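All residue numbers for the sequence shown refer to UniProt numbering, where the first residue is 1 and numbers rise by one.
We treat Cβ as the ideally placed atom computed from N, Cα and C, and that holds for glycine.
Just so you know, these numbers come straight off a predicted model, no measurement behind them.
Here is the structure we will look at, set down as structure tokens.
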Amino acid sequence: MLACCLLAAVTTAGQEIRRLPTPPELLPATAAADATPIAAAEDAHSAAPPAEPAQASPAPEAPAAEAPAETPPAAAPAAADLPADPHIADLIPNSSDDALVTPVAHWYQPSYWFGPAPWDTGVEFGLNGSSGSGDSLSTRSGGYLKRKTATGKLDTKLFHNRTKSEGRETQNNARLDLRYDWLLGDTPWSLYGMNQTFYDRYQAFDLNVNLNAGLGYQVFDADFVKFGTSFGAGATRKFGGKVDEWEPEAQMGMAWEQRVTDSQRFIAKLDYFPKWADFNNYRMVSDLSWEIDLDKPSNVSLKLSLADRFDSNSDGVNPHNTNYSVLLLWKK
1 MLACCLLAAV TTAGQEIRRL PTPPELLPAT AAADATPIAA AEDAHSAAPP
51 AEPAQASPAP EAPAAEAPAE TPPAAAPAAA DLPADPHIAD LIPNSSDDAL
101 VTPVAHWYQP SYWFGPAPWD TGVEFGLNGS SGSGDSLSTR SGGYLKRKTA
151 TGKLDTKLFH NRTKSEGRET QNNARLDLRY DWLLGDTPWS LYGMNQTFYD
201 RYQAFDLNVN LNAGLGYQVF DADFVKFGTS FGAGATRKFG GKVDEWEPEA
251 QMGMAWEQRV TDSQRFIAKL DYFPKWADFN NYRMVSDLSW EIDLDKPSNV
301 SLKLSLADRF DSNSDGVNPH NTNYSVLLLW KK
């Protein structure tokens, strides 16, 4: 019991001694002594691996690699380098010319028979009437079909005129012009064949047909002016006329097309058919027209037309057949 009391007294005295303040002269030494075990403890703690880390430390970052030099973008793979899967091959465009899709023409399309060159077509219609002291009504309808390729030119035209006055028909005629030129390379020369068929209910024949062939020369062939001439020979026949047989004749002609402005054109055509036996016996067919493009619709033109057919051997009927009209021309 005594020993326990002595031990407690010694312990209490030691604690009291530790509570006493450190003398000022011993403060630097004490601070250095106290810092040494703490630093040693911290070094030991940092050197020793943690027994059970609460959170995994991030992996050390790899040193930044030097950026590679820029390389040009790789070209798209061609269809031949693709795998066999057709669905993947369809996704990559083929840069070769073979990949261009060529439209296929069907048998009922003109390009199936004559090639892909464009066609120039138009339809025209005109109406003129009067009422009062006398009733009259005149109509003119027709159209044309043109086409030019590297080897030839096609030019066809058809029109019909009809007039009624006081309920009685006074005019009924039609004309078909057909011509084809075979171009001789890059030269202005060409070989041509042409046909004119004329019907008139009030003439001394049923049908007048002529067939001609010859040599053509294109004097000007620019966008704003076209002028060509032709000279040839052929034969003509008036079916149902007084002389119903083929008669030889010459043919001379000219065609002029002048673009006056961007929206206006002047067109003139003249064909002269003299008989070889007598040049005073001839036919002359002339056409003059002025076309004005309309703004709306853009494919419609206003056309002023004058057509005349003269036959020196008309068998007692008026030798002139003249028609002048104002028409609307629809182009495609």
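Please determine if the segment 280 to 293 and the segment 107 to 123 are in contact, where contact requires at least 3 C-beta pairs separated by less than 8 Å. no
Apart from the five residues just before and just after N172, which ones in its own chain have a Cβ nearer than 6 Å to its Cβ? R162 and R201
Name the residue from V326, L328, F310 and L329 whose alpha carbon lies nearest to the alpha carbon of N320. A small correction: the amino acid at residue 320 is His; Asn does not occupy that position in the sequence shown. Ranking V326, L328, F310 and L329 by Cα distance to H320 puts F310 first.
For N281 and E245, what's the separation of their Cα atoms in angstroms? 16 Å
Are A229 and F273 close, meaning C-beta to C-beta below 8 Å? The sequence given here places Thr at residue 229; Ala does not occur at that position. Not in contact: T229 and F273 (Cβ atoms no closer than 8 Å).
Pull up the distance between the alpha-carbon of S138 and that of E124, whole angstroms please. The straight-line gap from Cα to Cα measures roughly 14 Å.
Based on the DSSP secondary-structure assignment, which residues constitute the bridge partners of Q203? Partner(s): none; Q203 has no beta bridge.
When V219, G126, G253 and W107 are compared against L302, the one with the closest alpha-carbon: G126
State the start and end residues of the unbroken beta strand (DSSP E) segment that holds W246. Neither: W246 is in no beta strand (DSSP E) and is coded neither H nor E.
So, helix, strand or coil for W113, using DSSP? helix
Work out the CA separation of D135 and V326 for me, nearest whole Å. 19 Å
Would you give the residue range spanned by the beta strand (DSSP E) that K269 belongs to? Q264 to P274
CA-CA distance, K269 and A255? 5 Å
Is it the case that the Cβ atoms of M252 and F279 are separated by a distance below 8 Å? no
What is the residue span of the beta strand (DSSP E) that V326 lies within? Per DSSP, the unbroken beta strand (DSSP E) holding V326 starts and ends at H320 to K331.
Would you kindly work out how many angstroms separate the C-alpha atoms of V219 and L184, rounded to a whole number? 14 Å
Can you tell me where the beta strand (DSSP E) with N172 in it begins and where it stops? R168 to L183
From the DSSP secondary-structure annotation, give me the bridge partner or partners of K303. Answer is E291 and L327, bridged to K303.
May I have the straight-line CA-CA distance separating T149 from T322, to the nearest angstrom? 34 Å
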